[in-house]
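First comes the structure, then the notes that go with it.
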Amino acid sequence: MLSKIWFDRRLRGWCLQALLIAMVVGGLGWLAWNAQANLARRGITSGFGFLEQAARFPISESLLAYDTSDSFGHAFLVGITNTLFVSVLVILFSTVLGLGLALARRSKHPLVSGSATVYLEVIRNTPLVVQLLFWYAMLTVALPSARQALSPLPGVFLSVRGLYFPKLVLSGEVLWFWVAVAVSLLMVIAAVMLRPMLKLRHGMRFPLVRSALAAAVVLVGVAAWVGGVGASLDVPALRGLNYTGGSTYTPEFTALLIGLVFYSTAFSGEIIRSGIDAVPGGQWEAGSSLGIRRWHLLRLIVFPQALRIILPPMTSQYLSIIKNSTLALAVGYPDLSFVVATTINQTGQAIEGILILMGVFLTISLTVSVLMNFYNRRLALVQR
Amino acid sequence: MTHAYLATQPPQALPPTTNTVTLWHRLFGDAITAIATVATLALLAVALGKTINWGVLHAVWPDGDAAACRAASGACWAFLSEKLRQILFGIYPPGEQWRPALTSVILLVLGAASLPPVCWGKRLVLAWFVGIVTVLLLMRGGVLGLAGVPTAAWGGLPVTLLLAVFALGAGFPLGILLALGRRAEMPVPRMLSIGVIEIIRGLPLVSLLFVASILLPLMLPDGMSIDGLLRAGAALTVFSAAYLAEVVRGGLQSLPRGQGEASRALGLSWWMMTRLVVLPQALRSVLAPLTNTAIVMIKNTSLVLIVGLFDLLSSGRAALADPAWPTPYVETYCFIAAIYFAICFSLSRYSMWLEARYSQHRSH
Numbered sequence: 103m104l105s106k107i108w109f110d111r112r113l114r115g116w117c118l119q120a121l122l123i124a125m126v127v128g129g130l131g132w133l134a135w136n137a138q139a140n141l142a143r144r145g146i147t148s149g150f151g152f153l154e155q156a157a158r159f160p161i162s163e164s165l166l167a168y169d170t171s172d173s174f175g176h177a178f179l180v181g182i183t184n185t186l187f188v189s190v191l192v193i194l195f196s197t198v199l200g201l202g203l204a205l206a207r208r209s210k211h212p213l214v215s216g217s218a219t220v221y222l223e224v225i226r227n228t229p230l231v232v233q234l235l236f237w238y239a240m241l242t243v244a245l246p247s248a249r250q251a252l253s254p255l256p257g258v259f260l261s262v263r264g265l266y267f268p269k270l271v272l273s274g275e276v277l278w279f280w281v282a283v284a285v286s287l288l289m290v291i292a293a294v295m296l297r298p299m300l301k302l303r304h305g306m307r308f309p310l311v312r313s314a315l316a317a318a319v320v321l322v323g324v325a326a327w328v329g330g331v332g333a334s335l336d337v338p339a340l341r342g343l344n345y346t347g348g349s350t351y352t353p354e355f356t357a358l359l360i361g362l363v364f365y366s367t368a369f370s371g372e373i374i375r376s377g378i379d380a381v382p383g384g385q386w387e388a389g390s391s392l393g394i395r396r397w398h399l400l401r402l403i404v405f406p407q408a409l410r411i412i413l414p415p416m417t418s419q420y421l422s423i424i425k426n427s428t429l430a431l432a433v434g435y436p437d438l439s440f441v442v443a444t445t446i447n448q449t450g451q452a453i454e455g456i457l458i459l460m461g462v463f464l465t466i467s468l469t470v471s472v473l474m475n476f477y478n479r480r481l482a483l484v485q486r
Numbered sequence: 119m120t121h122a123y124l125a126t127q128p129p130q131a132l133p134p135t136t137n138t139v140t141l142w143h144r145l146f147g148d149a150i151t152a153i154a155t156v157a158t159l160a161l162l163a164v165a166l167g168k169t170i171n172w173g174v175l176h177a178v179w180p181d182g183d184a185a186a187c188r189a190a191s192g193a194c195w196a197f198l199s200e201k202l203r204q205i206l207f208g209i210y211p212p213g214e215q216w217r218p219a220l221t222s223v224i225l226l227v228l229g230a231a232s233l234p235p236v237c238w239g240k241r242l243v244l245a246w247f248v249g250i251v252t253v254l255l256l257m258r259g260g261v262l263g264l265a266g267v268p269t270a271a272w273g274g275l276p277v278t279l280l281l282a283v284f285a286l287g288a289g290f291p292l293g294i295l296l297a298l299g300r301r302a303e304m305p306v307p308r309m310l311s312i313g314v315i316e317i318i319r320g321l322p323l324v325s326l327l328f329v330a331s332i333l334l335p336l337m338l339p340d341g342m343s344i345d346g347l348l349r350a351g352a353a354l355t356v357f358s359a360a361y362l363a364e365v366v367r368g369g370l371q372s373l374p375r376g377q378g379e380a381s382r383a384l385g386l387s388w389w390m391m392t393r394l395v396v397l398p399q400a401l402r403s404v405l406a407p408l409t410n411t412a413i414v415m416i417k418n419t420s421l422v423l424i425v426g427l428f429d430l431l432s433s434g435r436a437a438l439a440d441p442a443w444p445t446p447y448v449e450t451y452c453f454i455a456a457i458y459f460a461i462c463f464s465l466s467r468y469s470m471w472l473e474a475r476y477s478q479h480r481s482h
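In C-alpha cells:
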C-alpha cells in the first residue's frame with residue numbers, strides 16, 4: 103500500500119510541488135519577518151509615505167524643473183526622465199553609428215575594415231565601467247580649462263566645465279507654433295504609416311507622404327507668420343571663468359553619453375552586420391544581375407530582409423542599453439539609480455527605494471518587449 | 119559516321135582568372151577607395167601621433183618621480199610602477215602580498231587549464247575544489263602560521279578573479295537547474311524558473327548589488343551577518359545563473375526529442391536521462407555562447423565598485439587618492455583595461471576556436 107503511494111508518479115509530483123511552494127513561501131516569509139523586526143528596532147517606518155516629504159538633496163541637472171524643496175516622489179520622477187533621456191539618445195546614436203560600423207566591417211577596404219575590427223575588439227573586451235571612468239577622466243582632467251576651450255565647430259565649446267553649444271531661442275506666440283509643429287509631425291507619421299495600406303489594398307497613386315510634408319511646411323510657416331515667431335541663436339560666450347548662454351551638457355552627462363554610445367555601437371554594429379551577412383548571397387547576385395546599384399541593392403533588397411533577423415537581438419540590445427544607463431552612478435550623473443542611492447542614504451527607506459528602482463526597470467523592460475514584439479509581428483514574413 | 123557535336127579541336131585554354139586584386143588595387147582602386155584610404159590614413163596618423171607624443175615622447179618613465187610627473191605634459195608611467203602592488207593587491211598587508219600574488223597565479227593557471235577539452239573531467243573538478251580551498255585559506259590566513267587577514271582588507275586582482283570564479287562556478291549549476299526547471303512538465307517549478315529568469319534578466323545588475331549590499335543585511339535575523347564580499351558574490355551568481363540558464367535552454371531546445379524518448383524507452387530514470395544523455399549533448403552545442411556569457415560576467419565583476427568593494431578597478435581608484443602623486447587617471451584606467459582585455463580577448467578567441475571545432479565535428 104505504502105509502496106503504491108510512493109511510486110505513484112502523479113502523487114509524487116504533487117508532493118514535490120507542494121514542498122517547493124512551501125519552501126519558497128517560507129523563505130520569503132522568513133526574510134520579510136526579519137526585515138520587519140529589524141526596521142521596528144531601528145525605528146524606520148516602512149511604507150511609501152516618505153514620497154511626499156521634501157527631498158532636500160540637490161540634483162545637478164534635469165529635464166524637469168527640480169528644487170531641493172520638492173518631494174522625493176518628484177525627485178524619482180526627475181531620475182526616471184534623466185534615465186530615459188540618456189537611454190533614448192544612446193539608442194538613437196548607437197543604432198546609426200552601428201550601421202556605419204557594420205558597413206565598415208563588411209568593407210573590402212583593408213584599412214577601413216581593420217580599424218573597425220580593432221575598435222570592436224577593444225570596446226567589447228573591456229568593462230563598461232572602466233570605459234565610463236576613462237571618458238570621465240578624459241573630460242575632467244585631460245581637457246583644457248574654460249579659457250582655452252576647444253572649439254571643434256563655431257559656437258561649440260568643449261572644456262573641463264562640459265560641452266557648450268548654441269541654443270535656438272524662439273520669441274513671439276511660441277505655444278501655437280509648437281502646437282502646429284506637433285500636429286504636422288503627427289500628420290507626416292500618419293501618412294507614412296497609412297501609405298503601404300492604401301497603396302497595396304486600394305491601389306491608390308496619390309502622393310500621400312509628399313503632400314503631407316508640403317502641408318506640414320505650410321502649417322508651420324503660417325503658424326510662425328501669424329504668431330510673429332522669430333528665431334535667434336543663443337551662442338555661449340566666455341564670461342569670467344565660465345561660459346554663459348547657450349545649452350550645456352555637464353562633464354558627467356557627456357562622459358556617460360560618449361561612453362555608452364561607444365560601447366553600445368560595438369554591440370549594435372555586430373548585430374546589424376550578422377543580420378546583413380545572414381541574407382543569402384543569391385539576393386545580392388540576383389539584384390546586381392538586374393542592374394541595380396550596390397547602394398540601392400543594400401537599401402531596397404538586402405536591408406529589409408536583414409531587418410527581420412536583426413530585430414529580436416536588437417530589442418535585447420536596447421533593453422541592455424537602458425539597464426546599462428544605471429552605471430551613471432559611477433560618473434555621478436543623476437539618473438534613477440543615483441536618486442535611489444541618495445534617498446536610501448538620507449532616509450534609510452532601503453526596501454521602498456529598491457522596490458521603486460526594480461519596478462521601474464521591470465516596467466520599462468516589459469513595455470519595450472511588448473512594443474518590439476508588436477513591430478516584429480508586423481515585419482515578419484506573411485505566410486499562408 | 120561523324121558527330122558534328124563532337125569537339126574536333128583541342129579545348130581552348132580558359133582565359134586567365136581575373137582574380138588579380140592586389141593590395142594596391144584594394145587601397146587605390148577607384149576614386150572613392152583612394153579617398154577612403156587617404157582619410158583613414160590621415161586620421162590614424164593624427165591619433166597615433168598624439169598617442170605617441172603623450173605616451174612615449176613626453177612621458178615620465180618608471181625611473182622618474184612625482185615631481186617629474188607634475189612637470190611633464192605626457193603620461194606618468196612612473197606612477198604605475200610605483201603603485202603597481204597597490205593596484206594589483208589593494209590594501210592587503212604589504213609584507214604578505216606574496217599570498218594574493220600566489221592566489222592570482224593559481225586561479226589564472228586553473229582557468230587556463232580548464233580551457234582545452236582534453237582536460238575536462240572529474241580530475242579538473244577535483245583540482246578546482248582543491249585550488250579554491252587552498253586559495254581561500256591562503257588569502258584568509260589564520261592557519262599554518264599565516265597571519266589572519268579579514269576580507270575587508272582583500273583587494274585588487276585576486277578579488278576580481280575570485281568574484282568571477284564564484285559567480286560562474288556557482289552560477290553554472292544554478293543556471294542548469296533553472297533551465298531544466300523552465301522545461302519541466304510540472305507547472306510549479308516551470309513557473310518559478312520562468313519568473314526568476316525573466317525578473318533577473320529584466321533588472322540591471324546594479325539593483326541586484328543594491329539588494330545584496332543594503333537589503334540582505336536588513337533581512338537577516340539579529341546577530342546573523344554575511345560577509346560583504348560573499349553577498350556581492352551571491353548577487354553576481356544569481357545574475358549569471360539567469361543568463362546562463364537561457365543559454366543552456368537554447369542547448370536543450372536544439373536537442374531532438376528522440377534522444378529523451380529513446381533513453382526513457384531504454385529504462386533510464388529521468389535523472390539518469392538528464393545526466394547521461396540530455397545534458398552532455400545540450401551543453402556541448404552551446405559551449406561557445408557559454409564562453410561568451412563568461413566573458414560578460416568577468417567584465418561585470420567590475421560593477422562591485424558601486425557598492426564599495428575593492429576589486430581591481432576600485433583598488434586602482436584608491437591608489438589615485440595618494441596626495442603625494444599627481445592623479446594620472448587615464449594611465450591607470452588604461453592599465454586596468456589592458457588586464458581585462460588580456461583575459462577577455464583570449465577567452466573570445468577561445469570561444470571562436472570552440473565554435474569552429476564544434477562545427478567541424480558536426481559536418482562529419
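Residue numbers (the working numbering), protein chains in the order written: chain A, 103 to 486; chain B, 119 to 482.
No residue lacks a Cβ here, since even glycine has one placed at the ideal position from N, Cα and C.
These numbers come from a predicted model, not from an experiment.
Among the residues of its own chain, which have a CB less than 7 angstroms from the CB of residue i, if the five just before and after it don't count?
i      : result
V324/B : L421 and I424
S313/A : none
S311/B : L296, G299 and R300
Does residue i come within less than 8 angstroms of chain A when only Cβ atoms are used?
i      : result
Y468/B : no
S433/B : no
V448/B : yes
E473/B : no
Rounded C-beta distance between residue i and residue j? I'm assuming under 8 angstroms.
i      : j      : result
G323/A : E275/A : In fact, because the Cβ distance is near 14 angstroms, the residues do not count as touching under 8 angstroms.
R300/B : R217/B : Not confirmed; about 42 angstroms, so no contact.
F440/A : L429/A : In fact, because the Cβ distance is near 10 angstroms, the residues do not count as touching under 8 angstroms.
E379/B : I315/B : 26 angstroms between Cβ atoms; not a contact.
P444/B : C187/B : 5 angstroms
P436/A : E223/A : About 33 angstroms; that fails the 8 angstroms criterion.
L359/A : V190/A : Their Cβ separation, rounded to whole angstroms, is 11 angstroms, which puts L359/A and V190/A out of contact at 8 angstroms.
L69/B  : I146/A : Because chain B in this structure spans residues 119 to 482, residue 69/B falls outside the shown range and cannot be described.
For residue i, decide whether its Cβ has a neighbour in chain B, counting only Cβ atoms nearer than 8 angstroms.
i      : result
M125/A : no
Q451/A : no
V214/A : yes
Q250/A : no
Quick check on DSSP: helix, strand or coil for residue i?
i      : result
G489/B : Since the first and last residues shown for chain B are 119 and 482, residue 489/B lies out of range.
V331/A : coil
R258/B : helix
L386/B : coil
S164/A : coil
A125/B : coil
L121/A : helix
S331/B : helix
V178/B : strand
R207/A : helix
T350/A : strand
Kindly list the residues whose CB is nearer than 8 angstroms to the CB of residue i, restricted to its own chain and excluding five residues on each side of it in sequence; keep chain order.
i      : result
R319/B : A360, Y361 and E364
A177/B : A190, G192, A193, C194 and W195
Under 8 angstroms, Cβ to Cβ, is there at least one residue of chain D near residue i?
i      : result
P307/B : Of the chains in the structure shown, none is chain D; the protein chains are A and B.
So, for residue i: in the same chain, excluding its five sequence neighbours on each side, which residues have a beta-carbon less than 6 angstroms away from its beta-carbon?
i      : result
F284/B : G351
L321/A : A282 and S286
Can we count residue i as close to the ligand HEM, meaning its CB is less than 7 angstroms from some heavy atom?
i      : result
G128/A : Only the bare structure without any ligand can be found here, which leaves the ligand HEM out of the picture.
Next item on the list: May I ask you to verify whether the region 441 to 460 of chain B touches the region 214 to 234 of chain A, counting CB pairs closer than 8 angstroms and requiring at least 3?
Entry: yes
Check: When the Cβ atoms of the region 275 to 295 of chain A are set against those of the region 247 to 263 of chain A, are three or more pairs found closer than 8 angstroms?
Finding: no
Next item on the list: Report yes or no: do three or more beta-carbon pairs, one from the region 274 to 282 of chain B and one from the region 207 to 217 of chain B, lie closer than 8 angstroms?
Entry: Yes, the region 274 to 282 of chain B is in contact with the region 207 to 217 of chain B.
Notebook entry, point to check: So, do the region 364 to 372 of chain A and the region 197 to 208 of chain A have three or more beta carbon pairs nearer to each other than 8 angstroms?
Noted result: yes
Check: Does the region 416 to 427 of chain A come within contact of the region 463 to 474 of chain A, defined as at least 3 CB pairs closer than 8 angstroms?
Finding: yes
Item checked: the region 150 to 158 of chain A touching the region 380 to 400 of chain A, judged by at least three CB pairs closer than 8 angstroms -> no
Next item on the list: Please determine if the region 233 to 243 of chain B and the region 190 to 201 of chain B are in contact, where contact requires at least 3 C-beta pairs separated by less than 8 angstroms.
Entry: no
Check: Would you call the region 129 to 136 of chain A and the region 398 to 414 of chain A touching, i.e. three or more CB-CB distances under 8 angstroms?
Finding: Counting Cβ pairs under 8 angstroms, fewer than three are found: no touch.
Margin query: Is it the case that the region 467 to 476 of chain B contacts the region 400 to 413 of chain B, given that we only count it when at least three CB pairs across the two stretches are under 8 angstroms?
Written below: Inter-segment contact for the region 400 to 413 of chain B and the region 467 to 476 of chain B is present: three or more beta-carbon pairs are separated by less than 8 angstroms.
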